[in-house]
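Numbered according to this note's numbering, the sequence shown spans residues 26 to 166. Below is one structure; the comments refer to it alone.
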Amino acid sequence: PSATAHLDQNDKELSRIAENARRTLPEFYRHLLRPAAGQSGFRVKYPFRADAGSGFSMEQLWLEDIHFKDGVYYGIIANTPFYTAAIKKGDTVSFSAGDITDWMYIENGKITGGHSIKYLLEQLAEHERNDEQRAILQMFE
26 PSATAHLDQN DKELSRIAEN ARRTLPEFYR HLLRPAAGQS GFRVKYPFRA
76 DAGSGFSMEQ LWLEDIHFKD GVYYGIIANT PFYTAAIKKG DTVSFSAGDI
126 TDWMYIENGK ITGGHSIKYL LEQLAEHERN DEQRAILQMF E
């Protein structure tokens, strides 16, 4: 997903989604390490400190190509940061699994996980959604 959503950083539903993502992370890793036929697009969402003066404390970015090496988790930034100048799309970064806020993968054209995406898109009125956003929502059905 390429769209950026601006939201209250204390949103209770997003906090619940993040807690659930951390609690169910073993399920994600099980599929990541041994993907079944038709599974792809494994990503985790991770908070990065936003630049001073941006008006935001954190920016949530998706990481792909998740791997573990020498006791450290790594991923590649999958979307363009808008409020964090120190990193860019395509950069490899380390992350703490205990701080992820969502995870997802695609199985046979349907999204598993990705609850923050669905929640944020559902906050838009139907007439405000673009074609890409409508298509993404259909991937949850």
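Where a beta carbon is used, it is the ideal one built from N, C-alpha and C, also for glycine.
Inter-residue spacing [alpha-carbon to alpha-carbon] between residue i and residue j
i: Thr-109; j: Gly-134; result: 31 Å
i: Trp-87; j: Met-129; result: 10 Å
i: Tyr-54; j: Ile-91; result: 9 Å
i: Asp-124; j: Ile-131; result: 22 Å
i: Ile-102; j: His-152; result: 30 Å
i: Ile-42; j: Glu-52; result: 15 Å
i: Glu-84; j: Leu-162; result: 22 Å
i: Ala-28; j: Gly-96; result: Any reading at Ala-28 is ruled out, since the residue's pLDDT is 47, under 50, leaving its predicted position unreliable.
i: Lys-143; j: Ala-160; result: 11 Å
i: Met-164; j: Glu-147; result: 13 Å
i: Ser-119; j: Arg-74; result: 14 Å
i: Asp-36; j: Arg-47; result: 17 Å
Presumed contact (8 Å Cβ cut-off) between residue i and residue j, rounded CB distance
i: Val-69; j: Gly-115; result: 16 Å between Cβ atoms; not a contact.
Beta-carbon spacing of residue i, residue j below 9 Å
i: Ser-141; j: Thr-126; result: yes
i: Lys-113; j: Thr-105; result: yes
i: Ser-79; j: Tyr-98; result: no
i: Thr-49; j: Gly-138; result: yes
i: Ala-111; j: Asp-156; result: no
i: Gly-66; j: Glu-89; result: yes
For residue i, three-class secondary structure by DSSP
i: Gln-85; result: strand
i: Phe-53; result: helix
i: Ile-42; result: helix
i: Asp-127; result: strand
Suppose only complete runs of 4+ residues qualify. What are the alpha helix (DSSP H) ranges in the stretch 138-166, listed by chain order? The qualifying runs are 140-147, 156-163.
Note to self: Extract the residue ranges of the beta strand (DSSP E) inside the stretch 54-122, only unbroken runs of 3 or more that lie entirely within it.
What the structure shows: Whole beta strand (DSSP E) segments, 3+ residues: 64-74, 83-94, 97-102, 117-120.
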